[in-house]
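These notes are about the structure you will find just below.
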Amino acid sequence: MEGRHESSERDSSLRQPLFDVGGGGLEANNLHQYLHKGGNTSFFKTFFNGVNALSGVGILSIPYALASGGWLSLVLLFAIALAAFYAGILIKRCMEADSTIRTFPDIGERAFGNIGRTVASVFMYTELYLVVSGFLILEGDNLHNLFPEVQFEAYGLKVGGRASFVIIVALIILPSVWLDNLSILSYISATGVIASVIIAVSIFWVGAFDGVGFHHKGELLNWSGVPTSVSLYGFCYCAHPVFPTLYNSMKKRHHFSKVLLLCFLCTTISYTSMAVIGYLMFGPKVDSQITLNLPIQKLSSRVAIYTTLVNPLSKYALMLEPVSSATENWFPGYQKKRQVRILIRTALVATQVFVAISLPFFGYLMSLVGAFLSVTASIIIPCSCYLKISGMHCDFELLLTLSTLVLSAVIAIVGTYTSLVQIIQGTVVGY
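When the letters of the sequence shown are read in order and numbered with the UniProt record's numbering, they come out as residues 1 to 431.
This is the structure we're talking about:
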């Protein structure tokens with residue numbers, strides 16, 4: 001009887017109004033260890049943490065995404081934002097159904113057992129790993145743009161260009177990866193919102209006052225670039241693995257829908273503004289990182305570039321921490337030995353250096369992450385888990401969820417294929 005009563009309570013919670021906005025009802029998972037626990041976080045702090053999780057290096061590639069698909073592709077940006085917001089609401093609904101759910105993999109386990117937990121974990125960790133690898137590519141590209149003549153020699157081997165900066169940055173970051181306590185870095189990385197504002201304002205200043213202007217008309221629609229465009233749009237909304245932590249941290253959890261709505265409104269306005277500004281400034285010639293287009297002799301350009309360089313440095317160790325911990329769990333007999341932990345984490349960074357040097361295509365790699373990993377983790381998995389947990393009957397909500405699921409699956413398949421083709425072609429032709 002007790003089990004039936006518990007089951008009926010869960011079913012009733014899943015049948016509450018979906019959008020209870022009226023007050024009734026990273027570069028992400030790394031925040032889980034550092035946000036407030038025990039339900040003491042205020043509405044504003046939860047909102048700030050949510051915006052920070054959604055704000056990342058995607059703001060640098062969003063003009064390139066718009067240039068790839070043309071002006072009409074902005075419709076797809078809004079569609080993905082709506083789908084991602086809806087998926088966030090579904091995560092909340094899943095957590096209302098079972099109070100024992102604390103993390104993103106817990107939702108997968110609640111829906112599909114151990115297989116669900118494994119799938120959710122694999123997508124989450126792989127996404128974090130590749131995003132952090134993208135940080136190294138970003139650092140290498142921007143530093144090489146500032147100092148194109150730098151090279152060094154080690155053991156008779158000359159290393160120059162982007163590869164030299166990737167290695168240098170990795171060596172600088174490495175000690176932070178060894179740290180046991182990352183609480184200081186967690187506060188520094190929380191400046192992501194401020195960094196995004198500084199970058200956006202600096203780039204606007206370059207266009208308005210430093211002679212670049214906003215003269216490019218752009219293309220209305222470029223069908224061949226739509227898969228890349230929509231994949232990068234998906235990458236901008238890849239914070240869903242942290243939503244369970246945000247929800248559990250709130251003092252008034254029935255306001256979580258409001259928080260999500262405000263977070264997605266603010267970030268979508270930010271991304272749209274940056275996309276439009278960047279496309280008007282540089283047109284079809286905009287790079288996968290808009291900072292590479294900026295005239296480096298201008299002060300405002302350097303402010304944008306240096307802010308871009310510092311922000312990933314502060315987030316690197318924090319975002320790699322869940323991946324490092326999961327890797328250490330593969331060696332249960334040695335994971336408490338500090339020397340072994342340092343060796344494992346050093347090896348992880350070394351593999352990321354290899355990825356960053358072998359695949360120096362920031363736009364293509366982030367497009368792959370967006371299509372295959374972000375869309376899957378942020379939309380497909382939440383929708384699938386909600387369908388399984390709720391046992392929904394045929395109604396409008398079922399139709400909406402299935403439509404979101406199908407749209408996301410199409411984006412994931414087409415975007416992943418296009419990104420892989422671009423990466424392979426780029427590798428064959430050379431960077």
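Backbone N, C-alpha and C fix where the C-beta goes; we use that ideal spot for every residue, glycine too. All figures in this text were calculated on a predicted structure; none of them were measured in a lab.
Item, Value
"Separation of residue 163 from residue 75, as counted between CA atoms", "37 angstroms"
"Residues that residue 250 bridges to, as DSSP identifies them", "41"
"At least three beta-carbon pairs within less than 8 angstroms, the stretch 255-272 to the stretch 40-57", "yes"
"Which of helix, strand or coil DSSP assigns to residue 141", "helix"
"Residues of its chain near residue 375, where Cβ-Cβ distance is below 6 angstroms and the 5 sequence neighbours each way are ignored", "234, 408, 411 and 412"
"Neighbour-count burial assignment, residue 403, 16 or more Cβ in a 10 Å radius", "exposed"
"Whether residue 177 touches residue 400 by CB criterion (8 angstroms)", "no"
"Residues near residue 295 in its chain [Cβ-Cβ closer than 6 angstroms; skip 5 each side]", "301"
"Cβ-Cβ separation, residue 314 to residue 364 (assumed contact under 8 angstroms), whole Å", "Contact doesn't hold; Cβ gap of about 25 angstroms is too wide."
"Inter-stretch contact at 8 angstroms, needing at least 3 Cβ pairs: the stretch 220-238 / the stretch 326-342", "no"
"Where residue 115 falls, given that 16 or more other Cβ within 10 Å makes a residue buried", "exposed"
"Three CB pairs or more closer than 8 angstroms across the stretch 53-64 and the stretch 284-298", "yes"
"Span of the alpha helix (DSSP H) around residue 296", "Per DSSP, residue 296 belongs to no alpha helix (DSSP H) and is neither H nor E."
"Residue 361 (DSSP reduced to helix, strand or coil)", "coil"
"Residue from 305, 229, 123 and 254 with nearest C-alpha to residue 415", "229"
"Straight-line gap, residue 166 to residue 423 (C-alpha atoms, nearest Å)", "19 angstroms"
"Residue 214 - DSSP class collapsed to helix/strand/coil", "coil"
"Span of the alpha helix (DSSP H) around residue 79", "74-97"
"Pick from 393, 384, 70 and 88 that is closest to residue 405, judged by C-alpha positions", "384"
"Whole-Å CB distance - residue 170 paired with residue 353, under 8 angstroms assumed", "5 angstroms"
"Bounding residues of the alpha helix (DSSP H) (the contiguous stretch that carries residue 432)", "Lying outside 1 to 431, the shown extent of the chain, residue 432 is not represented and no answer is given."
"Spatial distance of residue 359 from residue 251 (CA atoms)", "44 angstroms"
"Residue 60 and residue 290 closer than 8 angstroms at C-beta", "yes"
"Distance cut-off 7 angstroms: residue 233 Cβ against heavy atoms of the ligand ATP", "Absent from the structure shown: the ligand ATP. Ligands present: none."
"CB of residue 325 within 8 angstroms of CB of residue 92, strictly", "no"
"The alpha helix (DSSP H) enclosing residue 425, as first and last residue numbers", "396-429"
"Integer Cβ distance of residue 87 from residue 378, believed to fall under 8 angstroms", "6 angstroms"
"Contacts around residue 357, its chain only, beta-carbon distance under 6 angstroms, and the 5 residues preceding and following it disregarded", "163 and 166"
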